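Protein chains in written order, with the numbering used here: chain G, 1 to 353; chain B, 1001 to 1301; chain U, 2001 to 2276.
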């Protein structure tokens, strides 16, 4: 990772005008977004659908143009450049493989357009197919491949052009869980090996946490927070981020006052909360809260508890099943319980709600 | 170079739209819509009986001519024929469509689909002609009737004033049979498409909720197939309204709309009257289309 | 729980009356055509006596050598080729515009294009004819072509549009993303993809034009296309056996390519490069 800024958004907005029945309106898909993505990073754009992350990606690729602001690629303003003149390649959500071409021809497409000689083309295609672990597939047609295989062809097709930046638009969405997890590891590995900047759009926070060097969390066209996975998870700056990445466990108002002495909204992660046993003592660097266990869900690795606090509100608590069996954890249902956590594990949130 | 031109266009999507849309749009507006408008205008002119020339003056007398009994009869006759043909087509087509949609294996379905569309794309003229051979007095139907010893019945039927005629080949029944035969595929396909779109799970759900097969058919399948029936009827109705070939080949001198139009614009040069006549089917069809659209028939096309 | 009878779903057996009606309908559709084929070989000079007294091949060369028939056939072919070409261009342009862009009046375009086929043939015929006489244009080969092209456009349009809609939407973007400009994208990606749709549309349009008789009656001058010639033969039953043979040939010329067209349209609906 060098110090260069690969992609920069300078106060970028994208406004769509929509025509519905008799009224015209506008939608701010992207709302004054500023962002800097470093060269060589694995950077994720994370957010729910409609949050603007895909629109931002498309503007980097060139399929869409900002209504306001500038987009810089390695310092150069690319807003007026069509996609075929940007040194950027995309892996599409539906892969967009050309059905009338073989796998080999698909992968070589970019080289063919640039009029690279055939021998050189074939050599590079073979290298790429090794990289994505599809050796010998060159002659097949996309229709004959499985979803995971098509995805890898799409990846190879993009990477073979040695773009400065690779854009990935929710590429793993169509794969089943096991395959997705496998591909997450593979993508990360490839990125580190090839060394280029990856910009990855996803709505799956776990995916973003797994793969990224840094994450930008989007909501309603704006960026809520940018940071490393740990920063985003442990130190969310807004209640949206706290809620979207992991379980937020927001407490505010009267109930908060009872526990912390202040009405300010706070958030505490479920794994940081402990169910007090008879021997536990609440130290001075901890807060405690009383409630009733409403629900117990056994998940193998850990158990999730839903605790209704005296005074209102819920907290989700997660504890690893280090000692107990499933029968034991079920016993605690509908019991009164005391919860406690370290004060330093709590975040006060800047915004209300 | 080419890249620059491509970029120039790429940045101006509206220009691309214009370049794409203009040729077909201009063609259609000039050739078709323009012609329709001219025809409409023509219907408000009239043919001077003495000079034999079309007078370019706005008048309603040509339309008034439509209201004389002979012409009203023509409309009535044609519409009635269209209606009966449509109903007959529905009755004959439905079982086949139903079988194709619900019971045929994929291979059988492809075969049946080809079997139905093959006549559709075989020459219209040929198919009409084939019935000339069938209905002829020495043809297969007479032979069949003689075989079954019902030829007396056939003669009696032909002597009936309304449905009969000098021979089967020249009779209202003959016209009716040929129309049904010709337009049948147009009815089969939309019904089959509509039936196919009924998800199997709906039928199973109906059964699960207690309906017997007949009730399921009446309450679930039939209403969902209805748009397909309407779509098919658009074809059969429209095609029958405008056809002049079949009545000419199989009819006596009684006119149908198509024949009237052909005669008026041809020999008598009475284009205004021909145009006025044509407005009839247009109005009927547009009304029909609007009703059909409301009933959801366009989804089945 | 009461035993519930459900409608048999596909794979199970259909009731006998359904099968019978279906077969009857099929026979009704096909026997007339088969009879034509039979009559093309009959020895009977009147051409339609049933049962045919004998079979012969002698009518076939007689039909093929008929100069009127040959002239009509040639004219029909020329018209069909020109009309099809025009329809291909106009139909593809319109389909591209409708697929790619969202503009005011988009649904109206589809409606307008289908009108020549949806409205009875005499409407198209008389409309064009009124225009022609009003503007004092002479009837000619070209007026026939113009009429045919107009109703053939929608056939190409529907085929190409359906093909567009079935393809992955991102293919054009992918191509541009990989470095191809608009023209290269059209040549390498778009055109090959709609190739089969164009072929199918062309075959359908060709058949439509080849077979058309109603509009042609109104837009032709003294020329006779093959269907018109056959129609005139039918009105005056002089040479039935020759007409029979011609009929059989016409069916073969128009129907067989159609079957082929349908096969290729069906087969391309599976080969997609997308994630679905």
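Yeah, the Cβ is synthetic: ideal placement off N, Cα and C, and Gly gets one too.
As the structure is a computational prediction, the values presented were derived from the model and not from experiment.
For chain B, check one thing: does any of its Cβ atoms lie closer than 9 Å to the Cβ of residue i?
i: residue 84/G; result: yes
i: residue 2262/U; result: yes
i: residue 232/G; result: no
i: residue 349/G; result: no
i: residue 2033/U; result: yes
i: residue 2245/U; result: no
i: residue 2131/U; result: yes
i: residue 29/G; result: no
i: residue 2085/U; result: no
i: residue 2121/U; result: yes
i: residue 2153/U; result: yes
i: residue 2181/U; result: yes
Give the single residue among the options whose Cα lies nearest to the Cα of residue i.
i: residue 141/G; options: 51/G, 99/G and 131/G; result: 99/G
i: residue 147/G; options: 168/G, 175/G, 239/G and 158/G; result: 175/G
i: residue 1119/B; options: 1017/B, 1001/B and 1189/B; result: 1189/B
i: residue 1249/B; options: 1155/B, 1285/B and 1175/B; result: 1175/B
i: residue 1260/B; options: 1075/B, 1171/B and 1288/B; result: 1075/B
i: residue 1169/B; options: 1101/B, 1246/B, 1023/B and 1287/B; result: 1246/B
i: residue 2072/U; options: 2241/U, 2259/U and 2228/U; result: 2228/U
i: residue 2134/U; options: 1003/B, 1263/B, 1004/B and 1041/B; result: 1041/B
i: residue 1179/B; options: 1045/B, 1290/B, 1283/B and 1238/B; result: 1238/B
i: residue 2066/U; options: 2239/U, 2107/U, 2104/U and 2165/U; result: 2239/U
i: residue 2062/U; options: 2045/U, 2053/U, 2078/U and 2076/U; result: 2045/U
I'd like to check one pair, residue j with residue i: are the Cβ atoms closer than 9 Å?
i: residue 2246/U; j: residue 2069/U; result: yes
i: residue 2056/U; j: residue 2041/U; result: yes
i: residue 165/G; j: residue 215/G; result: no
i: residue 1055/B; j: residue 1066/B; result: no
i: residue 2145/U; j: residue 2091/U; result: no
i: residue 109/G; j: residue 2168/U; result: no
i: residue 2126/U; j: residue 1278/B; result: yes
i: residue 125/G; j: residue 158/G; result: no
i: residue 2159/U; j: residue 2115/U; result: no
i: residue 2132/U; j: residue 2150/U; result: no
i: residue 59/G; j: residue 15/G; result: no
i: residue 2204/U; j: residue 2156/U; result: yes
i: residue 1136/B; j: residue 1230/B; result: no
i: residue 9/G; j: residue 70/G; result: yes
i: residue 250/G; j: residue 349/G; result: yes
i: residue 1181/B; j: residue 2028/U; result: yes
i: residue 347/G; j: residue 267/G; result: yes
i: residue 1285/B; j: residue 2035/U; result: no
i: residue 111/G; j: residue 160/G; result: yes
i: residue 66/G; j: residue 12/G; result: yes
For chain U, check one thing: does any of its Cβ atoms lie closer than 9 Å to the Cβ of residue i?
i: residue 161/G; result: yes
i: residue 1251/B; result: no
i: residue 109/G; result: yes
i: residue 1234/B; result: yes
i: residue 1057/B; result: no
i: residue 1282/B; result: yes
i: residue 1081/B; result: no
Tell me, please, whether the CB atom of residue i is closer than 9 Å to any CB atom in chain G?
i: residue 2013/U; result: no
i: residue 2096/U; result: no
i: residue 2188/U; result: yes
i: residue 2063/U; result: no
**OP:** Spell out a yes or no on whether the stretch 239-248 of chain G and the stretch 78-98 of chain G are touching, meaning 3 or more CB-CB pairs, one atom from each, closer than 8 Å.
**Re:** no
**OP:** Could you run through the stretch 1004-1032 of chain B and flag, in chain order, every residue whose CB is less than 8 Å away from some CB of chain G?
**Re:** 1006, 1007, 1010 and 1011
**OP:** Give the residues from the stretch 65-98 of chain G that approach chain B closer than 9 Å (Cβ to any Cβ), ordered along the chain.
**Re:** 65, 80, 81, 82, 83, 84 and 85
Original post:
Looking at C-beta atoms only, is the number of pairs between the stretch 1235-1245 of chain B and the stretch 2210-2221 of chain U that lie closer than 8 Å three or more?
Top reply: yes
Original post:
With contact counted as at least three CB pairs below 8 Å, one residue from each stretch, are the stretch 48-56 of chain G and the stretch 204-214 of chain G in contact?
Top reply: no
Subject >> At least 3 beta-carbon pairs within less than 8 Å: the stretch 1269-1286 of chain B vs the stretch 1203-1214 of chain B >> reply: no
**OP:** Taking 8 Å as the threshold, find out whether the stretch 2082-2101 of chain U comes into contact with the stretch 2241-2261 of chain U through three or more Cβ pairs.
**Re:** no
Original post:
Taking contact to mean at least 3 C-beta pairs separated by less than 8 Å, is the stretch 2169-2179 of chain U in contact with the stretch 1096-1105 of chain B?
Top reply: no
Subject >> Touch test, the stretch 323-338 of chain G against the stretch 278-295 of chain G, Cβ-Cβ under 8 Å, three pairs minimum >> reply: yes
Original post:
Using a beta-carbon distance cut-off of less than 7 Å, what residues from the stretch 110-128 of chain G approach chain U?
Top reply: 110, 113 and 114
**OP:** Would you check if there are 3 or more beta carbon pairs closer than 8 Å linking the stretch 1028-1035 of chain B to the stretch 2109-2124 of chain U?
**Re:** yes
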